[in-house]
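Undergrad:
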Amino acid sequence: MSSRPLPVIQLRVPTDEDALAWHRVFDDPEVMEFHGGRSAELSVYEELTARQRKHDAEHGFCLWTMLDEDGEVIGFTGAQPWPHEGFGPVGEIEIGWRLARSAWGRGYATTAARTTLERVRAAGVERVVAMVNSRNERSIAVTRRLGMEHAETFVTVSQQEAYCFRLEVGAISLP
Numbered sequence: 007m008s009s010r011p012l013p014v015i016q017l018r019v020p021t022d023e024d025a026l027a028w029h030r031v032f033d034d035p036e037v038m039e040f041h042g043g044r045s046a047e048l049s050v051y052e053e054l055t056a057r058q059r060k061h062d063a064e065h066g067f068c069l070w071t072m073l074d075e076d077g078e079v080i081g082f083t084g085a086q087p088w089p090h091e092g093f094g095p096v097g098e099i100e101i102g103w104r105l106a107r108s109a110w111g112r113g114y115a116t117t118a119a120r121t122t123l124e125r126v127r128a129a130g131v132e133r134v135v136a137m138v139n140s141r142n143e144r145s146i147a148v149t150r151r152l153g154m155e156h157a158e159t160f161v162t163v164s165q166q167e168a169y170c171f172r173l174e175v176g177a178i179s180l181p
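Per our numbering, the very first residue in the sequence shown carries number 7; after that it's consecutive.
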């Protein structure tokens, strides 16, 4: 495990302008490898950012826009109720992250996920899940750094194997 300091990040409730920023930073086949292979249309990000503003107002958490130490949008992180009916951890609060390719391997996802855990705990959430494609080694490594445990394996609607990791939020002690 690396002893380098984790980077400084900022999180904000997504703005209308963040839909365009998310569309831009996720317009990369490597970033979207486990999310359909390509960026969604701008309208999808417009709807997603609007939904996240509503989640934040209702629950005190959402998928926040993540900014680096220079204030540049590098992706999102946060938590939301599991958004799919019919498969996966229905009824659970899912944490997640998606970063621009230029931000990979620098500790941003771990820093952001730890901040997310602090915020959801403050909002009264007792347990979270993270759904990760079974081939997504980078995200699996983040779940391990958070102390999450593999609880279940699901097959997604696109016939991909996904691991469901769980963590009791009240039991965590973050540095």
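Backbone N, C-alpha and C define an ideal beta-carbon position, used for all residues, glycine too.
#1: In whole angstroms, give me the CA-to-CA distance for residue 24 and residue 167.
#2: In its own chain, which residues sit with a C-beta less than 7 Å from the C-beta of residue 181, not counting the 5 before and 5 after it?
#3: Straight-line CA distance for residue 165 to residue 42?
#4: Mark residue 49 as exposed unless 16 or more other C-beta atoms lie within 10 angstroms of its C-beta, in which case mark it buried.
#5: Under a Cβ-count criterion, where at least 16 other Cβ atoms within 10 Å of its own Cβ denotes burial, should residue 201 be classed as buried or exposed?
#6: Less than 8 Å between the C-beta atoms of residue 100 and residue 126, yes or no?
#7: With distances taken Cα to Cα, identify the nearest neighbour of residue 14 among 30, 72, 20.
#8: Of the choices 159, 144, 158, whose alpha-carbon is the least far from that of residue 152?
#9: Going by alpha carbons, who is nearest to residue 79 out of 161, 116, 32?
TA: According to the data block:
#1: 30 Å
#2: Note that residue 181 scores a pLDDT of 46, beneath 50, so its modelled location is shaky; the value from the coordinates is reported in the next line. Counting only Cβ-Cβ distances below 7 Å, and skipping sequence neighbours, we find nothing.
#3: 12 Å
#4: exposed
#5: Only positions 7 to 181 of the chain appear in the structure, and residue 201 is not among them; the question remains open.
#6: no
#7: 72
#8: 144
#9: 32
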